[in-house]
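**Q** My questions will all concern the structure given below.
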Amino acid sequence: MGLLSIFKSKDPKKLLEIGTEYYNSGKYQKSIEYFNKTLNSEPKNPDAWYFKGNAYQMLGKSKLAQDSYEKALSIRPNDLEIIKSYTMLLNSLELFKESVEILKNVSESDDEIIEILGDAYLKTGKFNEAILQYNDILERKPRYKEIIAKKGTALVGLKKFDEALEIYEKVLKISPYDTEVWKNIGNAFYTVKKYEKAIQFYDMYLNEHKGDFGVTLSKGDALRKLGKTNEALDLYTKVLEKHIQNYEPWCRVGLLYYDTEDYETAIYYLELANERNPLNPSILVKLGRTYVKLRNYNKGLEFMEKL
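So the mapping is simple: the working numbering equals the position in the sequence shown, first residue as 1, plus 52.
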């Protein structure tokens, strides 16, 4: 089959293959075109919905990704790969309850599923439940340092600092220069509001991974919690310069101005975050609360209704 005839093909299998090739080469919008063409021929093709969800996620379009994953799961409800991608997205959107409900009902889970469930429990402060999941994995993989570190984070959340320290020492013995461990330790200290210690480990990580998007934002958050507004704003601004289409730094700047009770400016930045991720529940809550602070109750109610 010649190149021209391939691109004119209406064969769903071939269209899906072309879409996947575009996806693998980073041409996500183009890949979506071919996944849509596949779905025009086969509306219940779970692979097309799944890959379409992946492409939307890479483009930062979380709501469209969520819709695509849900459609894929409705067709193939026990597919572990779809479940993993979908629940990881739910976790990133802070929809932890929804994530837990799906993951608890998986009949044949693997270690990745168990880890995602543990992470959802961890983020909602259900530290004992998180530890149960992590211990399940560690029974099979006792030197899985990322899981050991997450268990340490859960122990910090339970204020079992001595046990957490033992965990971290174990991780560092396994891999003393593992920068991911430094990041996890930083996150652990942030969880229990030890922001100075969190910054210490974030800095260690950033010395090796200069400009890392997530950790730079986390360091900014710790500075914001310490009341170091200008330093936090400087970090957020640096992230914005490189990731202007991502909603997270805009949201963080909005929160910073909210903390300083400059609600008008907070609204400006939170609205920009909302433009980039219109149905993110966390942003909708923050916008609703900020409008209430400005006594604009109708507008606050509008965002709560969207939520």
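Glycine is no exception: its CB is placed at the ideal position from the N, C-alpha and C atoms.
Considering only the alpha carbon of each residue, which of Asn332, Tyr349, Arg192 and Ser227 lies closest to Asn143?
**A** Measuring from the Cα of Asn143, the nearest candidate turns out to be Asn332.
**Q** Closer than 8 Å is the cut-off here; do at least three beta carbon pairs connect the segment 324-341 with the segment 302-314?
**A** Yes, the segment 324-341 is in contact with the segment 302-314.
**Q** Just the C-alpha distance for Glu248 and Thr90, rounded to the nearest angstrom, thanks.
**A** If I take the Cα positions, the gap works out to 52 Å.
**Q** Keeping to the same chain, check which residues put their C-beta closer than 8 Å to that of Pro330; ignore five residues upstream and five downstream.
**A** The residues are Lys115.
**Q** Mind checking Ser77: buried by the 16 CB within 10 Å criterion, or exposed?
**A** So Ser77 ends up on the exposed side.
**Q** Compare the beta carbon distance of Tyr86 and Ile134 with 9 Å and say whether it is the shorter of the two.
**A** Contact flag unset, no.
**Q** Since I believe Ala172 is in contact with Leu155 (beta carbons under 8 Å), could you give me their beta-carbon distance rounded to a whole number of angstroms?
**A** That pair is a contact at about 7 Å.
**Q** What does the Cβ neighbour count give for Gln297, buried or exposed, with the cut at 16 atoms within 10 Å?
**A** Gln297 is exposed by the Cβ-count criterion.
**Q** Measuring CB to CB, does Leu285 end up less than 9 Å from Leu269?
**A** No, they are not a contact pair.
**Q** Counting Cβ pairs closer than 8 Å, one from the segment 95-111 and one from the segment 121-130, do we hit at least three?
**A** Contact between the segment 95-111 and the segment 121-130 is present, because at least three Cβ pairs lie under 8 Å.
**Q** Taking just the CA atoms, how far does Asn157 sit from Pro129?
**A** Approximately 11 Å between the Cα atoms of the pair.
**Q** Considering only residues of the same chain and omitting the five flanking positions on each side of Tyr321, which have a CB-CB separation below 6 Å?
**A** If we look at Tyr321 and ignore the five residues flanking it on each side, its Cβ neighbours are Trp302, Val305 and Gly306.
**Q** CB-CB under 7 Å to Glu215, same chain, minus the five flanking residues each way: which ones, in chain order?
**A** Correct list, in chain order: Leu207.
**Q** Report yes if the C-beta distance between Gly209 and Phe253 is below 9 Å; otherwise report no.
**A** In this structure, Phe253 does not lie closer than 9 Å to Gly209 by Cβ.
**Q** Count the other CB atoms, across all protein chains shown, that sit within 10 Å of the CB of Glu42; report buried if there are 16 or more and exposed otherwise.
**A** In the structure as shown, the chain begins at 53 and stops at 359. Residue 42 is therefore absent and cannot be evaluated.
**Q** Let me know if Gly272 comes out buried or exposed under the rule of 16 or more other beta-carbons within 10 Å of its beta-carbon.
**A** Buried.
**Q** Give me, in chain order, the residues of the same chain whose beta-carbon lies closer than 8 Å to that of Leu55; leave out the 5 immediate sequence neighbours on both sides.
**A** Confidence at Leu55 is low in this model, with a pLDDT of 48, below 50, so its placement is unreliable and the value that follows should be read with caution. Answer for Leu55: no residue qualifies.
**Q** So what's Gly279 in DSSP terms, helix, strand or just coil?
**A** Correct three-state label for Gly279: coil.
**Q** Cα separation between Gln109 and Leu224?
**A** Straight-line Cα distance between these residues: approximately 33 Å.
**Q** Go ahead and pull the three-state DSSP assignment for Ser159.
**A** DSSP places Ser159 in coil when its eight states are reduced to three.
**Q** Taking only the alpha-carbon atoms, compute the straight-line gap between Ser161 and Leu132 and give it to the nearest angstrom.
**A** The straight-line gap from Cα to Cα measures roughly 8 Å.
**Q** Please state whether DSSP places Thr72 in a helix, a strand or coil.
**A** Here Thr72 sits in helix by DSSP.
**Q** Near Glu69, what residues of its chain come up, given a Cβ to Cβ distance below 8 Å and the 5 sequence neighbours on each side ignored?
**A** None.
**Q** By DSSP, does Val223 sit in helix, in strand, or in coil?
**A** If DSSP states are grouped into helix, strand and coil, Val223 belongs with the helices.
**Q** Under a three-way DSSP split, which group does Arg195 fall into?
**A** Residue state, collapsed to three classes: coil.
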